[in-house]
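Written out below as structure tokens is the structure these notes cover.
Numbering (our numbering), first residue to last: 57 to 313.
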């Protein structure tokens, strides 16, 4: 996620500009209140008011309530993270994010080789992400559709931006799943090679976009069409599970940092 897609921790201010449409705000009367924006996988945010002693477990409980998630599943498969351009750290329940913000340069020096000049420019942001300590199989046991949507969106983002490098075969399979989710059941009159070519940026990872500009564009497009046609419009929950399952089974680094 780029710096422009994230919102930093700021002092509470009645004139704070509105966030994206999925923003949910919570107010509290505490000394030295701070307004915290938690980044979600779909690049929107939820917002709550905390103080310097607020722990990650309290923040997580508030996020679960705001998003109306199944509390038991959410606490197990999701976690809060502190993320900057060169370091990603999953928070423990007793961590206080505000206190860790001030220690971020220490963590950068300890865990990265970033220059001192760059260290001084990095600001961490709080993200809601998959818990790195759960097994891959546990993703597929999730029953809450909202949690499944969060896991799917995170996996899709990691595939599309190249965080999860994948071969052409997997890229085509996943593109077929996205076709059904975004464009509906396969229709040979509508879903022509030109149709897939026009929508390639929404379907294929950055690493594979050049495939459609190489000597085999029609082959790549026909493979996407074949996968698209085989799925036959199952429920959205099943499609998300299919996408996650393909990533989990094919990528040894799925779910890792």
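Think of the CB as a built atom: it goes at the ideal place given N, C-alpha and C, for glycine as much as any other residue.
Suppose you measure from the CA of residue 302 to the CA of residue 227; what does that come to, to the nearest Å? When rounded, the distance between both Cα atoms is 10 Å.
Straight-line Cα distance separating residue 310 from residue 352: The requested residue 352 is not part of the displayed model; the chain covers only 57 to 313.
Give the C-beta separation of residue 147 and residue 138 to the nearest angstrom, bearing in mind that I take them to be a contact with Cβ-Cβ under 8 Å. 6 Å
Would you tell me roughly how many angstroms separate the C-alpha atoms of residue 306 and residue 90, rounded to the nearest one? Approximately 42 Å, taken between the alpha carbons.
I need the DSSP call for residue 109, collapsed to helix, strand or coil. coil
Please classify residue 199 as buried or exposed, where buried requires at least 16 other C-beta atoms within 10 Å of its C-beta. exposed
What do you reckon, are the CB atoms on residue 25 and residue 122 nearer than 7 Å? What is shown of the chain runs 57 to 313, which leaves residue 25 out entirely.
Of the residues 240, 216, 190, 113, the one placed nearest residue 286, counting alpha carbons only: Closest by alpha carbon: 240.
Determine the extent of the alpha helix (DSSP H) in which residue 167 is found, giving its start and end residues. 153–167
Expressed to the nearest angstrom, what Euclidean distance is found between the alpha-carbon atoms of residue 140 and residue 201? 29 Å
Just to confirm the assignment: which complete alpha helix (DSSP H) runs, minimum length 4, are found wholly within the stretch 206–255? 224–239, 249–254
Identity of the residue in 211, 104, 112 nearest residue 150 by Cα: 112
Three-state secondary structure (DSSP) of residue 124: Residue 124: coil per DSSP, three-state reduction.
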